[in-house]
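**Student:** Supplied in structure tokens, the structure appears directly below.
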Amino acid sequence: IADLATRHRFIGMHPDSLQARLGPSECYVNQDGEPCYRVRLGHSDFHLEFHFHASPAQRIYAVRLNRI
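Following this line, the structure appears as structure tokens:
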């Protein structure tokens, strides 16, 4: 995950570009269809969540790693 964060600038990225890099999302953060990906670190599971503005520009403004 740290490697992904340092190699790719997700903030400002369009969700289509995110999907092109990481593949189809495995889950959604909320009803707006914001993508997330399941990550297993050690014995813990996380969601890597991407939040974007719902405007026509749809750019990612936040990336969060949340334990599930």
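Heads up: take any position in the sequence shown, counting from 1, add 70, and you land on the working numbering. Note that CB positions come from ideal geometry on N, CA and C, so glycine has one too.
1. Count the other CB atoms within 10 Å of the CB of serine 125; is the residue buried (16 or more) or exposed (fewer)?
2. Within 10 angstroms of the Cβ of serine 114, are there 16 or more other Cβ atoms? Answer buried if so, exposed if not.
3. Verify whether the separation of the beta carbon atoms of proline 85 and phenylalanine 122 is less than 8 Å.
4. Given a cut-off of 8 Å, decide if isoleucine 130 and leucine 92 are closer than it, judged by their beta-carbon atoms.
5. Return the bridge partner residues of asparagine 136 from the DSSP annotation.
6. In angstroms with no decimal places, state the Cα-to-Cα distance between valine 109 and histidine 117.
**Tutor:** According to the structure shown:
1. As a position in the sequence shown, residue 125 is number 55, starting the count at 1. With fewer than 16 Cβ atoms within 10 Å of its Cβ, serine 125 is classed as exposed.
2. Position 44 of the sequence shown holds residue 114. Serine 114 counts as exposed, since fewer than 16 other beta carbons sit within 10 angstroms of its beta carbon.
3. On the sequence shown, position 15 is the one that residue 85 refers to. On the sequence shown, position 52 is the one that residue 122 refers to. In this structure, phenylalanine 122 lies closer than 8 Å to proline 85 by Cβ.
4. Counting from one through the sequence shown, the residue named residue 92 turns up at place 22. Counting from one through the sequence shown, the residue named residue 130 turns up at place 60. Not in contact: leucine 92 and isoleucine 130 (Cβ atoms no closer than 8 Å).
5. Here residue 136 is taken as the residue at index 66 of the sequence shown, counted from 1. Beta-bridge pairing links asparagine 136 to His117.
6. Here residue 109 corresponds to residue number 39 of the sequence shown, with the count starting at 1. Here residue 117 corresponds to residue number 47 of the sequence shown, with the count starting at 1. If you take the alpha carbons of valine 109 and histidine 117, they lie about 6 Å apart.
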